[in-house]
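Structure first, then comments.
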Amino acid sequence: MLYKSCCILLVMLGFVNCSDDASMTSTDTNNEINETPSPPLTPLDTISYFPPIASGEWASVALTQLGWNSDAEQPLHDFLEESATKAFILLYDGRMVIEWYFDDHTQNTNWYWASAAKTLTAFTMGVAQAEGLLDIEEATTLYLGQGWTTATAAEENEITIRNQLTMTTGLNNIHFDCTDPECLTYVADPGTRWAYHNAPYTLLQEVVAQASGMEWSTYFKQNVRDRLGMDGFWLSTNTYNNVYFSTARSMARFGLLNLNQGIWQDTPILTDRTYQAEMINTSQDLNQSYGYLWWLNGKSSYHLPDTQLEISGSLIPNAPTDTFMGLGRDDQKLYVVPSQKLVVVRMGEAAGTDTLGPSSYDNILWERLNALIN
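Residue numbers (the working numbering): 13 to 386.
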């Protein structure tokens with residue numbers, strides 16, 4: 013697969029620790045969705061530890077100190093190793109509980125986030141809005157110009173940045189990655205169809221670039237990445253899709269930032285707390301388990317990326333109900349659990365059937381994690 017090939021090539025070339033830059037139809041209208049009250053802001057339960065920005069230091073805490081089940085540690089390790097894992101990190105309250113690497117993977121090895129990196133784009137969009145560079149209620153055409161799709165001008169003007177963030181553009185997702193106008197055809201009114209679609213998501217990065225007057229990767233680096241000590245870079249793997257590569261620790265840092273509601277230690281990175289709350293709550297009426305490019309657990313139903321069917325129940329029954337997630341192809345996983353102050357990172361090859369995001373592996377992994385934590 014292309015992601016794997018790119019990653020292997022990067023490792024062979026020594027690209028490690030790089031510092032620079034990858035439904036059911038509803039009759040609701042866009043306006044009706046936008047009139048839904050914003051989710052209430054939760055009290056900020058501050059995380060007590062953040063690793064230093066320009067250092068490899070990261071404080072740890074032992075399983076025994078937390079009162080967790082140490083007998084479940086080795087079975088978890090074996091399960092991860094047997095399921096093609098490359099890197100696994102578990103943080104509690106910011107501190108490192110587990111940090112494991114497998115095969116030739118190390119603390120300094122970069123790996124692809126796949127669609128888990130959609131969360132990076134959602135967060136950065138919130139930063140740009142907080143700076144007054146854009147408003148997610150605005151039409152995308154204001155930034156990409158008329159003709160970025162093959163829809164009529166009137167149809168195109170109805171597509172907003174929020175629709176891109178929520179996978180509700182109404183554009184045909186058959187050409188999944190292709191961002192050329194001829195690939196973006198109108199099949200439904202915006203806000204009436206949920207369809208997992210890489211192309212409108214990818215174009216959000218161009219929206220930020222046009223709004224800021226900077227290259228996407230530069231804006232992201234200056235306003236997000238470097239401010240919390242992440243490493244990594246964006247790389248186009250097929251001329252369309254922009255994939256993020258980084259170390260597992262960098263994914264953990266981003267998870268910790270979101271666990272602390274967009275604040276790194278005492279520094280707000282995302283100052284708009286209303287956007288932050290909306291980002292990790294149900295964003296539309298079509299897929300209860302989707303926010304702004306984040307997957308959500310504990311909802312009454314969900315849609316999977318490759319189907320229009322609504323499935324009853326929670327996305328990951330074994331995971332805490334307040335878990336929100338970045339999920340990517342080949343089982344790249346970033347779980348954030350506010351109620352338990354947990355961040356969990358899993359990078360590696362596909363553990364089973366290749367999927368675009370959520371997979372059966374999520375529930376199996378959380379069964380093992382529950383044995384350790386509970």
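We put the beta carbon where it would ideally sit given N, CA and C, even for glycine.
**Request:** Return the first residue and the last residue of the beta strand (DSSP E) that A99 is part of.
**Result:** T97 to Y104
**Request:** Look at the alpha carbon of D189 and the alpha carbon of R341, and state the distance between them as a whole number of angstroms.
**Result:** 14 Å
**Asked** So what does N250 bridge to, in DSSP terms?
**Response** The partner list for N250 (beta bridge, DSSP) is empty, contrary to what the question assumes.
**Coil, strand or helix - K311 by DSSP** = coil
**Prompt:** What separation, rounded to the nearest whole angstrom, lies between the Cα atoms of K353 and A74?
**Reply:** 15 Å
**Prompt:** Secondary structure at V355, three-state DSSP: helix, strand or coil?
**Reply:** strand
**Prompt:** For the candidate residues M291, D90 and N120, whose alpha-carbon lies nearest to that of M242?
**Reply:** N120
**Message:** By the DSSP assignment, the alpha helix (DSSP H) with V220 in it spans what residues?
**Reply:** N210 to S224
**Exposed unless 16 or more other CB atoms sit within 10 angstroms - verdict on A416** = Since the first residue of the chain shown is 13 and the last is 386, residue 416 is not available in this structure.
**Prompt:** Can you give the Cα-Cα distance for C383 and A84, rounded to whole angstroms?
**Reply:** The displayed chain sequence assigns Ala, not Cys, to residue 383. Each residue's alpha carbon lies about 6 Å from the other.
**Asked** How big is the Cα-Cα spacing for Q158 and A165?
**Response** 7 Å
**Request:** Pull up the distance between the alpha-carbon of N309 and that of T152, whole angstroms please.
**Result:** 29 Å
**Message:** Quick check on Q296: does DSSP put it in helix, strand or coil?
**Reply:** coil
**Request:** Assuming P193 contacts W160 (C-beta within less than 8 Å), just tell me the rounded distance between them.
**Result:** 6 Å
**Request:** Reducing DSSP to helix, strand and coil, say where R107 ends up.
**Result:** strand
**Request:** Would you check if the distance between the CB atom of W123 and the CB atom of F257 is smaller than 8 Å?
**Result:** yes
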